[in-house]
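Just so you know, the numbering used here puts 75 at position 36 of the sequence shown, and the rest follows in order with no gaps.
Here a beta-carbon is modelled for each residue, glycine too, at the ideal position from N, C-alpha and C.
Just so we're clear, the structure is a prediction, and the values are computed from it rather than from any experiment.
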Amino acid sequence: MDGKYLRENKNSFNIVKNSKIYAKITAYEDTIFIRDLLIKYDWNLDKIPSIIKNEEKYLVLAVIDEKLRLLAKYNTRPDSQVITKLIRKFKRNPNNSAYGLNITKVFDTYVIKKQIAGDEYIFGYYDNLDDAQFVRNILLDNNWDVNIFNEIEFDDETLNYRVISVIDSNVYVLGNFKAKDEIDIKKIREEFLAKISKHKYGLASYPHLDLLKDKISELEEKFNVKTKDGIWSFENISENESVLNQIIFNLTPFQQAVFDAIDKNTSYDQIKKSLIRYNSKNFDKKILRNLDGLIELKLIEKIDDGYSKTNL
């Protein structure tokens, strides 16, 4: 009887009776045990216990998509909460893939996709897997209804709060917070719009926000805020002129002096000479620190031994 009702696959075994697959199990020994269990309960999946002991292990079983699944093994008997989490985890990633159901990675962006009635729908773009999986999980649990999201959602797995916005049927994560009292909705919206603007004008790269580049005015109205950033101002930008010449940035007086001292391939000695009126203790360190800051802001770049303003 050892091989009866068994169909061997490449990496697993199916338990089959009358052309119906009752279970798909990885290990041969587990397959034999579960096959015998199905026979004992006359192939009635509704009667199979969720926990059963086999030798020294407790096996957690669940019927998912009309098939019996072995979800895990434990040395001690798990409680119902553990079983619920295992079932939820399996439904989200039945094939144990890198990202789970309905998530693919395109370059550095995670995309949630779902086939519905033969058509492919995209539900969101994300710069990290945690956000993508969090949104995907809520969609899976709510029949892919994007209207189910609240502005602030709690993640009971990571114990974090996420600020959510649904824009053109795509679900965006605006921020991630450890405590609810850290959340300032107005500030979060301003920073989100600033990210979109910086991506649009090449000041930063946020490819997951690419679809929003031409919707900034519309989003300002939706969120009832203006785009606001600590460095840049994006008001009245013309698409036909140099972005750098139009964008206003807020620098300290000394940062501004360092920036003004740079033209094209300006040497450090030339910069220092232009700033000699600011000479003080640790003068060189101060200049270098501000040069590094301007490079980080992408206002200047260093090529070999010279500094040049960036041409945005």
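If residue i sits next to residue j, beta carbons under 8 Å apart, how far is it from one beta carbon to the other, in whole angstroms?
i, j, result
"Lys106", "Ile60", "6 Å"
"Arg116", "Ile90", "6 Å"
"Glu259", "Leu232", "6 Å"
"Ile222", "Ile270", "Not really, about 23 Å apart at Cβ, beyond 8 Å."
"Lys43", "Ser51", "That belief does not hold up - the Cβ atoms of Lys43 and Ser51 are roughly 17 Å apart, past 8 Å."
Of the residues the options, which one's Cα is nearest the Cα of residue i?
i, options, result
"Lys49", "Asp170, Ala66, Glu340", "Ala66"
"Tyr307", "Glu335, Thr291, Glu340", "Glu340"
"Asn134", "Glu196, Arg108, Arg116", "Arg108"
"Val264", "Ser244, Arg228, Asp118", "Arg228"
"Ala101", "Lys56, Asn83, Glu94", "Asn83"
"Lys237", "Leu125, Leu251, Ser347, Phe193", "Leu251"
"Phe162", "Arg127, Val205, Ile191", "Val205"
"Gln120", "Asp180, Ile255, Glu196, Asp170", "Glu196"
"Tyr240", "Lys226, Ala218, Lys217, Ser272", "Ser272"
"Ala171", "Pro292, Asp299, Val145", "Val145"
"Ser58", "Phe262, Leu45, Glu68", "Leu45"
"Asp249", "Ile334, Phe262, Val150", "Val150"
"Asn318", "Ile334, Phe293, Tyr245, Glu335", "Phe293"
"Asp268", "Lys261, Glu257, Leu290, Asp253", "Leu290"
"Arg127", "Leu179, Glu94, Ile155", "Leu179"
"Ile177", "Glu335, Lys261, Arg201", "Arg201"
"Lys56", "Asn114, Asp75, Lys219", "Asp75"
"Phe262", "Ser244, Glu230, Arg316", "Glu230"
"Asn329", "Lys312, Ile315, Gln295, Ser313", "Gln295"
Going by beta-carbon coordinates alone, are residue i and residue j separated by less than 8 Å?
i, j, result
"Leu242", "Lys324", "no"
"Leu77", "Ile103", "no"
"His247", "Tyr160", "no"
"Leu125", "Ala111", "yes"
"Tyr97", "Ile87", "no"
"Arg175", "Asn215", "no"
"Val297", "Ile326", "yes"
"Thr305", "Gly345", "yes"
"Val372", "Ile122", "Lying outside 40 to 351, the shown extent of the chain, residue 372 is not represented and no answer is given."
"Ile255", "Ile235", "yes"
"Asn189", "Ile203", "yes"
"Asp147", "Asp166", "yes"
"Lys348", "Ile301", "yes"
"Thr143", "Lys153", "no"
"Lys217", "Asn199", "yes"
"Phe173", "Asp158", "no"
Between residue i and the ligand PLP, is the CB less than 7 Å from at least one heavy atom?
i, result
"Trp183", "Looking at this structure, you won't find the ligand PLP or any other ligand, since it has none at all."
Query raised in the report: Between the region 201 to 218 and the region 173 to 188, do three or more beta carbon pairs fall short of 8 Å?
Result: With a cut-off of 8 Å, the region 173 to 188 and the region 201 to 218 count as touching, because enough Cβ pairs lie within range.
Query - Ranges of the beta strand (DSSP E) found wholly within the region 147 to 193, counting only runs of at least 3 - result: 148 to 155, 158 to 165
Report task. Starting from the N-terminal side, write out each stretch of the beta strand (DSSP E) that is 3 residues or longer and does not extend beyond the region 214 to 299. Result -> Runs of the beta strand (DSSP E) lying entirely within the region 214 to 299, each at least 3 residues long, are absent.
Query raised in the report: Enumerated in chain order, which unbroken segments of the alpha helix (DSSP H) with a length of 4 residues or greater are wholly contained in the region 87 to 151?
Result: Whole alpha helix (DSSP H) segments, 4+ residues: 119 to 131.
Query raised in the report: For the region 312 to 344, which segments carrying the beta strand (DSSP E) assignment without a break, of at least 3 residues, lie completely within its bounds, in sequence order?
Result: Look at the region 312 to 344 and you find these whole runs of beta strand (DSSP E), each 3 residues long or longer: 339 to 342.
Query raised in the report: What residue ranges within the region 50 to 86 form continuous beta strand (DSSP E) runs of no fewer than 3 residues, ordered along the chain?
Result: 52 to 56, 59 to 64
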